[in-house]
Amino acid sequence: MIKDKLNKKVIEGLEFLAKTDFSRLEDGRHVINDYMYVNVETYQTKEDALFEAHRDYIDIQYIISGEEKIGVARYSDCKENIPYEKERDIEFLDLTGESEFYPMIAGDYMILYPTDAHKPSISLNEKATVRKAVVKVRV
Numbered sequence: 280m281i282k283d284k285l286n287k288k289v290i291e292g293l294e295f296l297a298k299t300d301f302s303r304l305e306d307g308r309h310v311i312n313d314y315m316y317v318n319v320e321t322y323q324t325k326e327d328a329l330f331e332a333h334r335d336y337i338d339i340q341y342i343i344s345g346e347e348k349i350g351v352a353r354y355s356d357c358k359e360n361i362p363y364e365k366e367r368d369i370e371f372l373d374l375t376g377e378s379e380f381y382p383m384i385a386g387d388y389m390i391l392y393p394t395d396a397h398k399p400s401i402s403l404n405e406k407a408t409v410r411k412a413v414v415k416v417r418v
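In terms of our numbering, the sequence shown opens at residue 280 and continues consecutively.
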């Protein structure tokens, strides 16, 4: 089964998403345990953005409400645009190779590893309000 192949910490992150009532959780950062936290945010989708990548955390991006698309590319198919910020565990990248975009609607989630450059928060059809939870799992 696919779940058997997932990192134990990632499975814990998915279980957190499955059991959490997000209507009772305010936007902001919430610590789950010593190697995992969740950022809950509400925002407007955008026309375009830079790709981003993380070195210390796996992202589990979960759409609570709304819709967007997320671009995904190999980290090796990108080049640095804005240097890595260790405190925020983020760098911004320009695409030099190929990418794919995936539509995301309420209830969908995507697991993104440090080898995955990604471009979240992009308008699917038109600008939309999205509420999202991003579980950050330390590698």
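Using N, Cα and C, we set each Cβ at its ideal position, and we do this for glycine too.
- In this structure, Ile337 places its C-beta atom within 9 Å of the C-beta atom of Leu391.
- Residue state for Ala396 is assigned as strand, using DSSP reduced to three classes.
- With distances taken between CA atoms, Ile339 lies nearest to Tyr316 out of Ile369, Glu379, Tyr316 and Tyr354.
- Note on geometry: alpha-carbon atoms of Ala396 and Arg303 lie some 31 Å from one another.
- Between Ile369 and Glu331 the beta-carbon gap is near 6 Å, inside 8 Å, which marks them as a contact.
- Here Pro362 is exposed. Its C-beta has fewer than 16 other C-beta atoms within 10 Å.
- In this structure, the straight-line span from the alpha carbon of Lys348 to that of Pro399 is close to 7 Å.
- In this structure Met383 is in contact with Glu346, their Cβ atoms being roughly 7 Å apart against a cut-off of 8 Å.
- Assignment of beta-bridge partners to Ala332 by DSSP yields Glu370.
- Under the three-state reduction of DSSP output, Gly345 falls in the coil class, being neither helix nor strand.
- Rounded to the nearest whole angstrom, the CA to CA distance from Ile311 to Tyr322 is 23 Å.
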